Each structure stands twice: as structure tokens, then as C-alpha cells.
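Scroll down for the structure; my scribbles are underneath it.
Residue numbers (UniProt numbering), protein chains in the order written: chain A, 1 to 279; chain B, 1 to 350.
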């Protein structure tokens, strides 16, 4: 899922799968099986007769609505904060930039549950910042919808930052230099040259970021809890349903299928919208 | 008018052991060629003029408008310098059409979208691309892209345009067409141009004045024809395809390394003094008399065969003359030059 850089020179594509050793087919087929068969099992296992009522049940609709709104909000926050970070990281050099880059990747390698605990210790009622927030502003974040969004942004932002930063590094600064010599100020260069040039990376980064936010479970469970309608997103609803609290495993399967459908829809929408035609 | 927008740059940049210390001047409507080997500091000089780097010492000004002054720390940002750039890679913005690329400069300086597009259309016509205005860069040939880049560089009406080997990636014919176009547009718009090149043809066909940069210093400059017909520096001599030998005068002839003996005629410097001589490869005679040397390599020349010999003297031979000789690598030859074909001057201080 590396973002590809758009350069002016590409005039055609070559397809070159003929030269790969045949033996590669075996592990490749196993990989496909590992990735696809579980979803197939899910589809096979589903009780199609009760599916419509399961999917349209108030609990399912509530969870899906909450999941979509929080994921979209988290993605917007990631874009607003993460793109500037990516731009600055891509243009920075030296040990401080390297360190910062490593820190930004941390949520990517951290188990989400650890992230959830960390967020609690920062923003919880007795947390590093949370105590002051409560005392001064009366803001209590844990176990609110806002906490869901924060947890999602925490785990999803690295995908966006790394994707956009990689695209910016590949694109280089040569077009920006030319734009500056043509009289364009720094904001104009950013708006009309830099961001359009990395649009493919920006879009794939946004899609990955949204998908990660939509699937977020561990950090949300610990930091935001599992209250239906407030913090119970789809993954949490599925987990609860599967453990049989109130609803059946059939409902869990139905909800899972709904989430798969939502994810596929997002991927298809991102593919259909090809950037570069605007401006 | 002329003095108002003449570029004057003195640039000193120190990078470890390398020191660039060069001064150039470019007048409106004229092209100054900066030639020199790789690593001579040509790109660093251009970067300093474009405002992409701050020199350790020196000053860049267009007329009395000071753009960079190391003494005061002043450095006008690239977008406010009125210095355009055309490199060997056209760098046409891939997400914009040809017209939008050319309109980018005027648009950035505050011209309305409609006026910028109109100006861009005029520019595309000037570079012969009126029909292709709506094309995207990936649907243009290399030469067409470089035309778009030229129009784009000149559209904001810069006082100075920096041409950094702009023909290096083009085929011979396209390069020739673009050279004509660059010369025509630079003159028409009265832009002062600095052309960095490796190519003798670029310097000869485009430039009025040539500056030879070697190891960070200007070793030679002047009228292009004068410099290239009578080069004073080995790099210039190599570029111009002229032999240059440095040696000591003895008995009216220059004695150089490898046993080279070049008679110097009536205006020879006094015996014992250091001097250098230049002579054309075609002026060298191969025969029974002269200094002894050996063949180092043989290649196709413009009019026959070009033979490189020890002591770096190059000899051009007509095909028939070459056929009569044994030109295997290492074969001995005797070479001589007539005093009338030799230019002599005192050697520069080492």
C-alpha cells in the first residue's frame, strides 16, 4: 500500500508477472487463503433469513451510526493535525526529526489496549492532564463519545502521517522550487503544488486512517468503555453480541457483515475518485 | 534601462575544502554562458542567484535592487526576486495542463485568472504550442515539455532567467530548435540570462560572453569567440578542442612535458621563462621530424581520425593520412607544428 508518486515522465505501464518463479504461487495462494477465507466463512455462516432484522435492529443502527460519525470525525482531526505534521516532518532533517518520526510511529506498534491505558493516564479523571481539565473546565473525557474519537485518532493518525510524509519525500522539493521562482508564496506553493502532487498518497493515507478508526477496539474499550449509543461502536457491539450479553451470535455475524460492507464501500469510493483532474 | 536591470553577482561559498568565489554580470537581452567541469561550482552559483542558498560572502543585485547581501544578512525570498529558472528537467507541473502551467506564474503574482490564462495563451503561441494548450504534461514530448517550461519561466516577466543546461536532455534537432527559441525570446523580452552548460554548441550559438569556472574560480572570461579560439586555461582548451601545452622557453621554442617541442616564431617569450602555447589538432603534422610520442587512443574525429598521444596532445588526421600510418595503441609517432599555427602567451602563475 505504498503511495505512488506522480511524475511527469510516466507514459505507459508494463505488466511483468511472467518472470516471477513459479514456486512463489504456493505461498502466495496460502496468503490469499489466509486473508480471504475468514471473510468467506463469515458470509457462509450468516443466517440470511434473520439478517435484515438483525442489521436494522435499533442496537445495530445505533452502533453503526456512532461508528461512522466518530470515525469520520477522527479522520477529519487526523487530516487537520496530521497533514501539517507530515509536511514538516518530510522537510526536516537531523536527529530531532528522526526521533519525532519514530515517536509518531509508536501508536502503530503499540497494542491498542496499551494505548487505551496510556490515554486514561493522560486524560482520565486523575490523569496527567485530565485532572486539570476537570478542575479548571469541568471537562471529563473518559467514557464519552469524545473519548471514542480521541482513541480512534490516536491509533489512526500514524497511518495518515506516514503515508503523506512518504509521498512528500518521493515528490521531493524540485517542483516547489520552480513554483517559488515563478513568484508563488509558501501558502500558494503548498495549496497549488505540494498537496495536489501528493494527492494519491493523501487519499490512500486517509482511507487507511479511516479504516483503522472504524475498526478500532482495544483503546476504545479501555478509554471510552462500552455504553450503547454513547461509546459502543461497531467493533464493541460485535464483541458484546458475540459474548452473548443480550443478543445472539447471529447478530454478531450480521453486524460483522455490515462492517465489512461499510469498509468495502469506503475502499471502492476511494478508488473511484481519481485525483488530479481538478484545479 | 540597461543598468537598471543588469544582474551583478559576486558569490563566495565555502564547503569544506571547496571554495566557490565567482563574480558574473548579465545584461538585459544578453546571455552569459558559464562553462566548467562538474564540481566547478556552477549550480551553487545559480542557487545563490536564485536565492536558494545564502553565500558566505558576496552580494547579488539586479540594478540597484539588492537581492542577497551576505554582509547585512539580507536575502530576498525566491518568489520576490524576479529570477526565473529553466533547468535540464522541464519540471512541468504534472497535475496542470500546459496552459495552466504557464499561467501559474502570472496567477501567483496576483493577475486575475482570466488575464493569466490569456497571457499564458500568448506565451504558448510564442513557443509554438498554441494547439496543445489543454494537454497534460504526460501527453507532451520532451521537447514540448521544455517549451512549456520556457514559456512558464518567462511568463512572469523575470528580470533574470537562469538556464541550467536546458538542452541537455533533448535530441540534437529539438535542442537546436529550442536554442533558437531561447535566444529569440531572451532578446525579445530583454531578459538577462545566465546559461550554465557543458556544451560548446550552447556557448557558441547562444552566448555573447563566456565565463569559465574551474575549481570554484573564474579562470577565464570574455567574448565567446575570442575565448574559444585562444583559450588560456586547459579546461577551455579541451572544451574548444584545442591543444594547450605549458612549458619552459628554450631557443625560441617551448619545451613541455613528455618531450613536446613547439617552435614559437618571432614573438616568443625570453628563454627560461614559463609560457603556454595553443594550437589546433589539425595543425599538427605527423612525419619523420619533431618530438617523439606514442598513440594513446584513436577515435572518430569530425573530419577523419582523432589521435590522442602521450603528453595529451591531440592530432586530427584526414582519413587517407591516417590509413598510411600505424595507429595501434602504443605505436610511436613523430609530431611537429609550424610556428605560424601556434599562439603563445606567458604561463599563468601556478
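Where is the CB? At the ideal position from N, CA and C, for every residue including glycine.
Owing to the predicted nature of the structure, the values given are computational and were not obtained by experimental measurement.
Min CB distance residue i to chain A below 7 Å
i	result
residue 105 of chain B	yes
residue 91 of chain B	yes
residue 214 of chain B	no
residue 95 of chain B	yes
residue 108 of chain B	yes
residue 84 of chain B	yes
residue 292 of chain B	no
residue 271 of chain B	no
residue 79 of chain B	yes
residue 2 of chain B	Note that residue 2 of chain B scores 48 on pLDDT, short of 50, meaning its location in the model is unreliable; the coordinates nonetheless yield the value given after this. Chain A, which has no Cβ nearer than 7 Å to the Cβ of residue 2 of chain B, makes this no.
residue 156 of chain B	yes
Close Cβ partners of residue i (< 6 Å) along its chain, the five nearest in sequence each way excluded
i	result
residue 84 of chain B	153, 158, 161
residue 90 of chain B	145, 146, 149
residue 257 of chain B	311
residue 301 of chain B	316
residue 85 of chain A	161
residue 217 of chain A	235
residue 194 of chain B	26, 32, 162
residue 54 of chain B	75
Pair within 7 Å by beta-carbon distance, residue i and residue j
i	j	result
residue 167 of chain A	residue 224 of chain A	no
residue 169 of chain A	residue 90 of chain A	yes
residue 295 of chain B	residue 327 of chain B	yes
residue 282 of chain B	residue 316 of chain B	yes
residue 112 of chain A	residue 80 of chain A	no
residue 256 of chain A	residue 51 of chain A	no
residue 200 of chain B	residue 239 of chain B	yes
residue 35 of chain B	residue 212 of chain B	yes
residue 171 of chain A	residue 198 of chain A	yes
residue 179 of chain B	residue 206 of chain B	yes
residue 352 of chain B	residue 76 of chain B	Because chain B here runs from 1 to 350, residue 352 of chain B falls outside it and cannot be looked at.
residue 333 of chain B	residue 303 of chain B	no
residue 264 of chain B	residue 344 of chain B	yes
residue 245 of chain B	residue 286 of chain B	no
residue 275 of chain B	residue 347 of chain B	yes
residue 94 of chain B	residue 137 of chain B	yes
Residue i at chain B interface by Cβ criterion, 7 Å
i	result
residue 61 of chain A	no
residue 3 of chain A	Confidence is the limiting factor: at residue 3 of chain A the pLDDT is only 44, short of 50, which leaves the residue's position unreliable and the question unanswerable from this model.
residue 196 of chain A	yes
residue 180 of chain A	yes
residue 239 of chain A	no
residue 175 of chain A	yes
residue 184 of chain A	yes
residue 188 of chain A	yes
Where the beta strand (DSSP E) containing residue i begins and where it ends
i	result
residue 354 of chain B	Residue 354 of chain B is absent from the model: chain B starts at 1 and stops at 350.
residue 276 of chain B	274-279
residue 249 of chain B	243-250
residue 200 of chain A	Looking at the DSSP string, residue 200 of chain A is not in any beta strand (DSSP E); the run it does join, the alpha helix (DSSP H), is 199-215.
residue 317 of chain B	314-317
residue 65 of chain B	65-69
residue 197 of chain B	192-197
residue 293 of chain B	285-300
residue 346 of chain B	343-346
Bounding residues of the alpha helix (DSSP H) (the contiguous stretch that carries residue i)
i	result
residue 192 of chain A	No alpha helix (DSSP H) holds residue 192 of chain A; DSSP gives it neither H nor E.
residue 18 of chain B	Per DSSP, residue 18 of chain B belongs to no alpha helix (DSSP H); it is in the beta strand (DSSP E), 18-26.
residue 25 of chain A	25-45
residue 183 of chain A	Residue 183 of chain A -> no alpha helix (DSSP H), and no H or E assigned at all.
residue 306 of chain B	Looking at the DSSP string, residue 306 of chain B is not in any alpha helix (DSSP H); the run it does join, the beta strand (DSSP E), is 305-309.
residue 229 of chain A	No alpha helix (DSSP H) holds residue 229 of chain A; DSSP gives it neither H nor E.
Cβ neighbours of residue i in the same chain (closer than 7 Å, five flanking residues each side left out)
i	result
residue 5 of chain B	28, 62, 63, 159, 192
residue 102 of chain B	120, 123, 124, 148, 151, 152, 155
residue 226 of chain A	232, 236, 240
residue 116 of chain B	103, 106, 107
residue 324 of chain B	none
For residue j and residue i, believed in contact at Cβ under 8 Å, the rounded distance
i	j	result
residue 124 of chain B	residue 149 of chain B	Contact flag wrong, Cβ pair sits at about 12 Å.
residue 219 of chain B	residue 279 of chain B	That belief does not hold up - the Cβ atoms of residue 219 of chain B and residue 279 of chain B are roughly 20 Å apart, past 8 Å.
residue 322 of chain B	residue 305 of chain B	4 Å
residue 149 of chain A	residue 77 of chain A	7 Å
residue 74 of chain A	residue 258 of chain A	Contact doesn't hold; Cβ gap of about 19 Å is too wide.
residue 47 of chain B	residue 70 of chain B	Residue 47 of chain B to residue 70 of chain B, Cβ: 14 Å. No contact.
residue 263 of chain A	residue 208 of chain A	Not quite, the Cβ-Cβ distance comes to about 11 Å (not below 8 Å), so this is no contact.
residue 128 of chain A	residue 121 of chain A	7 Å
Sequence-distant residues of the same chain with beta carbon closer than 8 Å to residue i, five excluded per side
i	result
residue 43 of chain B	164, 196
residue 437 of chain B	For chain B, the structure presents residues 1 to 350; residue 437 of chain B sits outside this window and is missing.
residue 181 of chain B	127, 128, 147, 150
residue 259 of chain B	291, 292, 293, 311
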